[in-house]
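Down below is the structure, laid out as structure tokens.
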Amino acid sequence: MEGLMNVGSLVLGLIAWILPVVNLAQHNKISSKRYAAFTVTSFSSCAAALCLQLFYTDHLVKIEDWSALLDTSHATALVATLLLVVTIVLNISALLVYFRKNRNKN
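With numbering that gives the first Met the number 0, the residue at position 13 of the sequence shown is 12, and numbering never jumps.
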């Protein structure tokens, strides 16, 4: 069960990155309602992925697996930061494209 937390975190992290890429790729086809849904889902997936990592770290503390914590804590922090930063950058890029598209319409 605990191993599924890492898999779930990976899947949710990929969803957090794929949705803004889809927004960018289909910026001429996506309506404003779908854009907002994609953005909210992307940030929610990122938050859920980070939450699963926190739960997994809590599990390691509860079972007192200190060697696993020592081995993985730095990598987990680095990857969590990377996930958050890339998700924010991708969603801001999609937001800028969306606003440019709407500004050019008017």
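In this text, a Cβ means the ideal position worked out from N, Cα and C, and glycines have one as well.
Bear in mind that the values here come from a model prediction, so they are computed numbers and not experimental data.
Item, Value
"If you draw a straight line from the C-alpha of T38 to the C-alpha of Y97, how long is it?", "11 Å"
"Quick check on this structure: which residue in H58, T80, T56, L18 has the alpha carbon closest to the alpha carbon of I91?", "L18"
"Kindly give me the distance between the Cβ atoms of A15 and C45, rounded to whole angstroms, as I take these residues to be in contact under 8 Å.", "4 Å"
"Which residue marks the beginning of the alpha helix (DSSP H) containing E1, and which one marks its end?", "1-24"
"Note down the Cα distance separating G7 from L13, rounded to an integer number of angstroms.", "10 Å"
"Would a C-beta distance cut-off of 8 Å place V21 and L89 closer than the cut-off?", "no"
"Quick check on DSSP: helix, strand or coil for K61?", "helix"
"How long is the line joining the alpha carbons of Y34 and V10, rounded to whole angstroms?", "21 Å"
"Determine the direct distance from the alpha carbon of V85 to that of L3, and round the result to whole angstroms.", "23 Å"
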